[in-house]
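Notes for the one structure printed next.
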Amino acid sequence: MKISKNMWEKQHWPFIAPMLLTACFLAAVLFGGVFWSGVVLGRGSTLIWYSVSVILCLGLQAGVGVWQLVLQEKRHRTAEVEAQNHLNALKAELDESTRAQTALRRAHDTALAANEAKTRYLVSVSHDVRSPLNTIYGYAQLLERGNPFPPKKAGAVIRQSTEYLTSLVEALLEVSKIESKHVEVQSDVVSIRDLLEHVIMMFRVQAQVRGLKLDFIVHDPLPTTIRTDEKRLRQILVNLLSNAIKYTDEGCVTLSVHYRNEVARIEVSDTGAGIAPDDLERVFEPFERGCDAQTQRGGPHFSDRAISYHLA
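Going by my numbering, the first residue of the sequence shown is number 163, and it counts up by one from there.
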């Protein structure tokens, strides 16, 4: 509606003039101090002020609607974030459960493999035990019947068989101690040279019988004494030298020692066929038996090496 001076009497014009000057009105819709939208009114009379109040109400309603839309959008985004966080938590729990199940399966497979290895080991050891027992029983029968057999030779065979049986029993006991973690280590003052020379003397005859050369090499000056567990060190060296001589067909077996920075490093090496590549990962596993790399014959029990490894 357009208002002109002709529509009003002159006595009303002083009151209308200010209204005409302020008739241009902007109804703004604000949200958080930010201008969103607005409506512009043209010049008019008192009807304009009525219209202004209506548009202001409409603007307020529009602002409320916009605010509701914003809140709804915020709630929607919050719900999305919470849903994503919940999904991530569920995924993490699923991953953890999967890892736990995988570890459980591996542990189960390892336990089964260990039990199978123990079974194979016991079958093999039972055969190893039966052989010297049969020898002792046979010679005992010969002596009882009074057969013309040199007693000294019979006594030597019985003694050797008994020593072999004792070594098998001791190996089984050591493995059981290692598994139950009941191995005790002592700290003794030991003459390292005397200990090594004594161990070498133990295997001189055995090496000569097999046609092997047994070397003892000292690379560095040795101290008079060292501190170690003499019994355990001797056991380790006996296990390693026994296996080296038993499974070396020709050549030599060498026991060498280095001493630097107050640390003695003792090595046993041989010219045998070695260990098959498939057995290298199991070389220190108890209750396992290796296979000769060249002839594929039954190799040494890994229990001796496992004992030596855990004792060291």
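Built from N, CA and C at the ideal position, the CB exists for glycine as well.
Keep in mind it's a predicted model, so treat the numbers as computed, not measured.
Secondary structure of L384 (DSSP, three-state): coil. Under the three-state reduction of DSSP output, D411 falls in the coil class, being neither helix nor strand. The beta carbons of R396 and V361 sit about 6 Å from each other, so the pair counts as a contact at 8 Å. Judged by pairs of C-beta atoms under 8 Å, the segment 320-338 does not touch the segment 373-381, as fewer than three such pairs exist. Note on L256: under 16 other CB atoms within 10 angstroms of its CB, so exposed under the neighbour-count rule. Contact between the segment 304-317 and the segment 343-358 is absent: fewer than three C-beta pairs spanning the two stretches fall below 8 Å. Under DSSP, L417 shares a beta bridge with F378, V430.
In this structure, P294 keeps its C-beta atom at 7 Å or more from the C-beta atom of S329.
Taking C-beta atoms as the reference points, E392 and V352 count as a pair closer than 7 Å. Secondary-structure assignment with DSSP links V351 through a beta bridge to R389. In the same chain as Q370, and ignoring 5 residues on each side of it, no C-beta atom comes closer than 7 Å to its own. Comparing alpha-carbon positions, the option among A265, H381, Y326, Y301 lying closest to G317 turns out to be Y301. In summary, A333 is buried, with 16 or more beta-carbon neighbours lying within 10 Å of its beta-carbon over all protein chains present. Just so you know, the alpha carbons of V415 and L304 end up roughly 37 Å apart. Non-local beta-carbon contacts of I320 in its own chain, meaning distances under 8 Å to residues more than five positions away in sequence, involve T297, I298, Y301, A302 in chain order. Between V419 and H381 the beta-carbon gap is near 7 Å, inside 8 Å, which marks them as a contact.
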